[in-house]
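Shown next, in structure tokens, is the structure this report addresses.
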Amino acid sequence: LLHVNRLIASDFRLSDWRHVARYDVSASRIEMHLEALRDLTVQWPGGGRRFAAGERIHTENSYKHALPAFTALLRQAGFASTQHWTDERGWFAMVYARA
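Counting in my numbering, the sequence shown runs from 174 upward without gaps.
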């Protein structure tokens with residue numbers, strides 16, 4: 174929100190918002206939201222917007238893929254060569270893909 178304030182000269186106050194993360198099992202993704210803690214209005218030059226308490230701004234999706242499914246997705250997208258490295262448990266991976 175501070176970055177948005179700098180970019181568009183808005184007046185988002187950090188203390189008016191809380192971070193909410195939820196996992197959507199069916200989509201295999203984590204969704205990130207900012208939730209208004211009270212009724213408020215955010216202003217910027219030439220406009221503004223009212224937010225009701227509890228209203229959310231959806232800020233990010235972070236998809237979780239099993240490594241075999243992800244490398245198959247990369248191949249479908251035209252990446253012929255992939256390499257990967259994982260942690261000891263295989264919970265996290267770093268993937269290098271070359272088109």
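Even glycine gets a Cβ: it sits at the ideal position worked out from N, Cα and C.
- The beta strand (DSSP E) runs lying completely inside the region 190 to 257 and spanning 3 residues or more are 190 to 197, 202 to 209, 213 to 217, 220 to 224, 229 to 236, given in chain order.
- DSSP places residue 271 in the strand class (E or B) of the three-state scheme.
- Taking a cut-off of 8 Å on C-beta distances, the region 180 to 194 touches the region 211 to 229, as three or more cross pairs fall below it.
- Nearest to residue 206 by alpha-carbon distance, out of 243, 244, 176, 235, is 235.
- By the beta-carbon neighbour count (other beta carbons within 10 angstroms, threshold 16), residue 264 is exposed.
- DSSP lists no beta-bridge partner residue for residue 182.
- Note that the C-beta distance between residue 259 and residue 244 is not below 8 Å.
- About 16 Å separates the beta carbon of residue 208 from that of residue 197, a gap too long to meet the 8 Å contact definition.
- Of the candidates 218, 200, 231, 201, the residue whose Cα lies closest to the Cα of residue 178 is 218.
- The alpha carbon of residue 221 has as its nearest neighbour, out of 175, 181, 268, the alpha carbon of 181.
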